[in-house]
DNA sequence: CTACCTGCAAAAGGTTTGCATAGCC
DNA sequence: GGCTATGCAAACCTTTTGCAGGTAG
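Protein chains in written order, with our numbering: chain W, 16 to 153; chain A, 16 to 153.
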């Protein structure tokens, strides 16, 4: 792989942010210190780096793709209320993916699971009677 | 709801096709018999009908949204090889969604599960030694 | 009659690509 | 020096929207 300053910056930006930044986030962050970097270059490098396995592209339905510096196998949960993306540890889905394979023949990809739903803090913000709100177990 | 010929045709087209057609699929199908129908109208009606709960919009990462005439709760599996979308019965995911809620506090939406992976027929097409190919259990 | 719907075409949002120039090895 | 990356802008693809005219109730 050929070195370029921009590629290194893109990689470092994704790796150092746990927020699953979009291409546009990365672009905005880098623009601050690298005023000439172009959006095209950011996209090219994000795709290059995820093809090379150094980062991961997280496909988000109905929104911009996001990029993830964590390359160990894990899955994602998208809160359809606030738009945040959360990680889901692989072992929480392992049994499920085995069951799906056995029962349907469908073989889940590594990082192939996207859950749409409502995250803890969005659920807590809703004014439901406290008794019906299940507390998450961390 | 106000009647229109186009709306009825769109609804009927989605309901009668198990292929989870995209807006463009619906448009192409209807164009054959309704040469003046416009893509904008197809989109407007698909959105209207899914807002009204008569069909469902299936958000597909990295590809056009698809529409589903089956409105009972179920989930989807996208084959990242052939691009087909398959239904996944809700009861196969029920236990999993309970577990996720308890362990992470994330509350899955109805129809909120998208599995990316490889479908049975794509797996069978690959030239692996037969012994390593797990047969699906239907 | 009025509200809502249509067809058309333009706009919008996200992503990719062509081209000439610049930078790594 | 050659190959690849960059910046810029235009192109692309899917979806939405504004508008003027048409249709259901």
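We treat Cβ as the ideally placed atom computed from N, Cα and C, and that holds for glycine.
- Neighbours of residue 122(W) across chain A, judged by C-beta separation under 7 Å: 132, 133, 138.
- Only residues of its own chain outside the window of five on either side were considered, and among them 122 have a CB closer than 6 Å to the CB of residue 116(W), listed in chain order.
- For residue 131(W), the enclosing beta strand (DSSP E) begins and ends at 122–133.
- Distance between residue 68(A) and residue 43(A), taken at the CA atoms: about 23 Å.
- Judged by pairs of C-beta atoms under 8 Å, the segment 43–59 of chain W does not touch the segment 90–100 of chain W, as fewer than three such pairs exist.
- For chain W, the residues of the segment 63–88 of chain A that bring a beta carbon within less than 7 Å of one of its beta carbons are 74, 75, 76, 77, in chain order.
- For residue 22(W), the enclosing alpha helix (DSSP H) begins and ends at 20–31.
- Excluding sequence positions up to five before and after residue 54(W), its CB lies within less than 8 Å of the CB of 38, 39, 42, all in the same chain and listed in chain order.
- Not a single C-beta of chain A is nearer than 7 Å to the C-beta of residue 42(W).
- In this chain, the beta strand (DSSP E) harbouring residue 100(W) covers 100–104.
- Of the candidates 108(A), 70(A), 139(A), 137(A), 70(A) places its Cα closest to the Cα of residue 35(A).
- For residue 128(A), the closest Cβ of chain W is nearer than 7 Å.
- Interface with chain W (7 Å Cβ-Cβ cutoff): residue 92(A) is included.
- The criterion of a C-beta distance shorter than 7 Å is satisfied by residue 103(A) and residue 92(A).
- Annotated three-state conformation of residue 66(A) is helix, per DSSP.
- Residue 108(W) counts as buried, since at least 16 other C-beta atoms from the protein chains shown sit within 10 angstroms of its C-beta.
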